[in-house]
């Protein structure tokens, strides 16, 4: 659960490499691409350009390097050659990367072309909620502080927080202790210590928080088919606060 300074240094390298994957995607015209094309592009970039490993591929039997979750898909969307990204879509791309034995995990919801104001607002508030949670991270704080800040921001803006999926410790394994809920009470839960590394990855829905899993066993959707958005970073608890290991050059 608690990483040594040397391990955090290695995780920082993984995080920077993963951030560069998103920076590469920021320059792509996603409109008209299939989600499988994005998968293949990311796999090529990670393995060839970065000499790293896409950690999601083969994890729990998953065959691809990322999750592509458009519009009402909450998470775990499966790449598909027939799934074409269209003007007006929002799509979350969730990517993991392993380098030198340590894994980083991050996701971003992209706005594709002419996105409706309502969808833009959901995406903006979801990213804000992530940062509300990140700002709670420091030694002596509690996991409940993170969840409380996220849920309060979501509800203030009229959105619901998905409860079935949460952040998690990360390091040599993709999923380690602790679980990081995106709802909670101030002062509740595990007390944070320097060297802890985990993800924060809130999923906010326009409508009900209730979700269901489709027949493929992976794809999670909103029950009311309203939009969902997600952002994620891998963070480390420092001596006096937090370091976002997957921070991109644009500060997002």
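In the numbering used here, the protein residues as written are 147 to 398.
Note that the Cβ used here is the ideal one computed from N, Cα and C, for glycine as well.
**Request:** Give the secondary structure of residue 168 by DSSP, where H, G and I count as helix, E and B as strand, and everything else as coil.
**Result:** Helix at residue 168.
**Message:** If I follow the unbroken alpha helix (DSSP H) through residue 290, where does it start and stop?
**Reply:** Per DSSP, residue 290 belongs to the alpha helix (DSSP H) from 289–302.
**Request:** Examine the ligand ZN and report whether any of its heavy atoms sits within less than 7 Å of the Cβ of residue 294.
**Result:** As for the ligand ZN, it is missing from this structure, which has no ligand bound.
**Prompt:** Would you say residue 242 and residue 200 are within 8 Å of each other, going by their C-beta atoms?
**Reply:** In this structure, residue 200 lies closer than 8 Å to residue 242 by Cβ.
**Request:** With DSSP as the reference, label residue 256 as helix, strand or coil.
**Result:** Under the three-state reduction of DSSP output, residue 256 falls in the strand class.
**Prompt:** Which whole-angstrom value is the C-beta distance of residue 171 and residue 252, which I expect to be below 8 Å?
**Reply:** Taking C-beta atoms under 8 Å as the contact rule, residue 171 and residue 252 fail to qualify, at a distance of about 11 Å.
**Request:** Below 8 Å on the Cβ atoms is my guess for residue 329 versus residue 297; work out the distance and round it to an integer in Å.
**Result:** That belief holds up - the Cβ atoms of residue 329 and residue 297 are roughly 4 Å apart, short of 8 Å.
**Asked** If you draw a straight line from the alpha carbon of residue 152 to that of residue 161, how long is it in whole angstroms?
**Response** Cα atoms of residue 152 and residue 161: separation of roughly 14 Å, rounded to the nearest angstrom.
**Prompt:** Just how far apart, CA to CA, sit residue 375 and residue 351?
**Reply:** The straight-line gap from Cα to Cα measures roughly 7 Å.
**Asked** Counting only beta-carbon atoms, is residue 286 nearer than 8 Å to chain B?
**Response** Of the protein chains in this structure there is only one, and it is not chain B.
**Item:** C-beta atoms of residue 262 and residue 230 nearer than 8 Å
**Value:** No, they are not a contact pair.
**Request:** Give me the Cα-Cα distance between residue 247 and residue 287, rounded to the nearest whole angstrom.
**Result:** A direct Cα-Cα distance of roughly 29 Å separates residue 247 from residue 287.
**Prompt:** Exposed or buried, what is residue 198 when buried is set at 16 or more other beta-carbons lying within 10 Å of its beta-carbon?
**Reply:** In the assembly as shown, residue 198 is a buried residue. Its beta-carbon has 16 or more other beta-carbons within 10 Å.
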